[in-house]
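Protein chains: 2
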Amino acid sequence: MPSKTLRLNMPQWQGGTEPAYRFGAELLRWLAPPHDGPEETVGVPAANEQPLAIEQGIQGRTALLSQARAARAAIERRQPSRIVTLGGDCLIDLAPMAYLNRLYDGKLGVLWVDAHPDVMSAAEFSHAHAHVLGMLLGRGDEAFTAEVDPKLDPARVMIAGMSAWSDAEGRILQQLGIRHTPAADIADSSQPILDWIKAEGIIHLAVHWDLDVLDAAYFSPLLFNKPDQPEGAFDGIVQGAMRLGQVVRLLQDVSSATDMAGLAIAEFLPWDMLRLKNALASLSIMQR
Amino acid sequence: MPSKTLRLNMPQWQGGTEPAYRFGAELLRWLAPPHDGPEETVGVPAANEQPLAIEQGIQGRTALLSQARAARAAIERRQPSRIVTLGGDCLIDLAPMAYLNRLYDGKLGVLWVDAHPDVMSAAEFSHAHAHVLGMLLGRGDEAFTAEVDPKLDPARVMIAGMSAWSDAEGRILQQLGIRHTPAADIADSSQPILDWIKAEGIIHLAVHWDLDVLDAAYFSPLLFNKPDQPEGAFDGIVQGAMRLGQVVRLLQDVSSATDMAGLAIAEFLPWDMLRLKNALASLSIMQR
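Chains G and P supply the protein sequences, listed in that same order. Residue numbering for the first sequence follows my numbering, beginning at 1 and increasing consecutively. Residue numbering for the second sequence follows my numbering, beginning at 1001 and increasing consecutively.
Next up, the structure:
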């Protein structure tokens, strides 16, 4: 009998090839409100000195596949009706969305709040955090897409907050038939998203919130604020344009209009917290 | 028999009249390395809707005095030989420094790593976090200075990282006879501070690290990065110019040259963490 909300902690970093996602997941767990329901934590190996191997075009593929399957097993053990997933990189949402879509008979609505569409595959990019929405729709590495049954219904998927994309991403979005709404259209009102929910008759909604939908000038713990990067390190990569209050309003509005069955929070990279933690650990008085 | 290092958690916010210091103290405690020695947490009332009353020129004076005395009692209960204090606003360091100076027979060396001298009194400013070094030297509110016996020896006090000051502060520094070293002089080398330690024959050293000695352009969790402030809100207030790695190097160098008996970390204001925490708490799926 499904019941309650599962809190799924997933400190996965290999999908973004950035070990700091692990620390971000731990801090996100600390920041999240206390929770008295079931909780599962997916084991994720720490980074070591070796760079991640590229396997079938995907960095860290073996580890990522194993984590996706461990997440699926953890969810199936609990049989929740709702899942809050705390990441980690964007790929954390593969197993939760797949489970919820199965639970709700392939009719899950998916609001993908992100500056990026996450529909590439190994053919375009070796970082699998940029593949996850594609995988959920059946596009990409077969071992990962096999974890998703049934696939999402493209009409029930909306990307929100994406204002630009590459030519390759544009072609894939067209092939998949995915709609998207730019940040400007939802800056002051959630109406475009509420209209989509109504038009598609969405009852159960899962939200994927990639924090990089936020404007990095107004929210520090994002990839684009990584310290000590060479000039132009992020040139050509689309950045988010939303403000925190806008996303909160959007999520509250869609939560009022649907049963919010899933929420994943991804790509939290609190650089200054990590730097301060490391600074404190390096002072000998702290160890005495 | 004094032994071990006391970890003193002090989520005091009234000295800076900014309730977010309390959250900063909680997060700082989470970031600090694990500690197996004694630990004390000073109880601090949460903020409410009422602004703090100004009492004898100091906002929140009654609460602050009570917290300083509670910190002293907690320290005396444990009789530590070293204290790590996690704040909170700068005034957190009154009881720890006073205790250590008594323990070490009035010969405590004090390295005050700060963009500001913290030597004002109620005559100049109602926020007592800007009074604490003055109080430790016997200047300021009598109830607070009475907590300090013996007072610090001015020759054994060095302010590090302060590059500018007001006319009033300059006069007080001269009256007190306190030396200071600008950020530029310790950017690449700790030598000026090591020379002072050697010249004064300092054996036991307490360090006060106000994080606002850091350049706010390179370290986000500082007062000067408070979101949604009116244009010019911090005009005329001196800002820090040091980088995190420079302060860590300085602290490691003085730790090698002395017995570091005290370290207080103050003025940690992780705005984006607090905003995200509040955002998460406002989403109904988090409560289900």
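Glycine included, each C-beta is placed from N, C-alpha and C at the ideal position.
- Residues of the region 16 to 42 of chain G with a Cβ closer than 7 Å to any Cβ of chain P, in chain order: 30, 31, 32, 33.
- Residue 1223(P) sits in a helix when the DSSP states are folded into three classes.
- Close CB contacts of residue 101(G) within its chain, under the 7 Å cut and outside five residues either way in sequence, are with 108, 150, 152 (chain order).
- With fewer than 16 neighbouring CB atoms inside 10 Å of its own CB, residue 1076(P) falls in the exposed class.
- Distance from residue 1017(P) to residue 1127(P) at the Cβ level is roughly 6 Å; contact confirmed, criterion being Cβ atoms closer than 8 Å.
- Identification of residues in the region 1244 to 1256 of chain P having a C-beta nearer than 9 Å to some C-beta of chain G yields 1244, 1245, 1247, 1248, 1251, 1252, 1255, 1256, given in sequence order.
- According to the DSSP secondary-structure assignment, residue 112(G) is paired through a beta bridge with 159(G), 208(G).
- When Cβ-Cβ separations below 7 Å define contact, residue 1284(P) makes contact with chain G.
- Interface criterion not met: the Cβ of residue 52(G) is under 7 Å from no Cβ in chain P.
- For residue 1219(P), the nearest CB of chain G lies under 7 Å from its own CB, placing it at the interface with that chain.
- Using a Cβ-Cβ distance cut-off of 8 Å, the region 1053 to 1060 of chain P and the region 244 to 264 of chain G are not in contact, since fewer than three pairs of beta carbons, one from each stretch, lie closer than that value.
- In summary, the residues of the region 1271 to 1283 of chain P whose CB is separated from some CB of chain G by less than 7 Å are 1272, 1273, 1275, 1276, 1277, 1279, 1280, 1281, 1282, 1283, in the order they occur in the chain.
- With fewer than 16 neighbouring CB atoms inside 10 Å of its own CB, residue 236(G) falls in the exposed class.
- The Cβ atoms of residue 1164(P) and residue 1238(P) lie closer than 7 Å to each other.
- DSSP, reduced to helix, strand and coil, places residue 135(G) within a helical segment of the structure shown.
- Contact of residue 288(G) with chain P is assigned, a C-beta pair being separated by under 7 Å.
- With respect to residue 1021(P), residue 1013(P) sits close: the two C-beta atoms are nearer than 7 Å.
- Using a Cβ-Cβ distance cut-off of 8 Å, the region 1063 to 1073 of chain P and the region 1092 to 1099 of chain P are in contact, since at least three pairs of beta carbons, one from each stretch, lie closer than that value.
- Residues of chain G with a Cβ closer than 9 Å to the Cβ of residue 1260(P) are, in chain order, 283, 284, 285, 288.
- Per DSSP, residue 52(G) lies in no alpha helix (DSSP H) segment and is marked neither H nor E.
- As computed with DSSP, residue 266(G) is found in a beta bridge with 210(G).
- Interface annotation, residue 111(G): not in contact with chain P, CB-CB separation never under 7 Å.
- According to DSSP, residue 87(G) shares a beta bridge with 10(G).
- Inter-residue distance for residue 1280(P) and residue 1256(P) is about 43 Å (C-alpha atoms, whole angstroms).
- When Cβ-Cβ separations below 7 Å define contact, residue 1205(P) makes no contact with chain G.
- Cβ contact annotation for residue 1090(P) (same chain, cutoff 7 Å, sequence separation greater than five): 1015, 1118, 1129, 1132, 1210, 1266, 1267, in chain order.
- Listed along chain G, the residues sitting closer than 8 Å to residue 1005(P) by beta-carbon distance are 285, 288.
- When the five nearest sequence neighbours on each side are left out, the beta carbons in the same chain lying within less than 7 Å of the beta carbon of residue 155(G) are those of 200, in order along the chain.
- Nearest CB-CB separation between residue 1103(P) and chain G: not below the 7 Å threshold.
- Cβ proximity to chain G below 7 Å picks out 1082 from the region 1061 to 1083 of chain P.
- Residue 23(G) has its alpha-carbon roughly 13 Å from the corresponding atom of residue 223(G).
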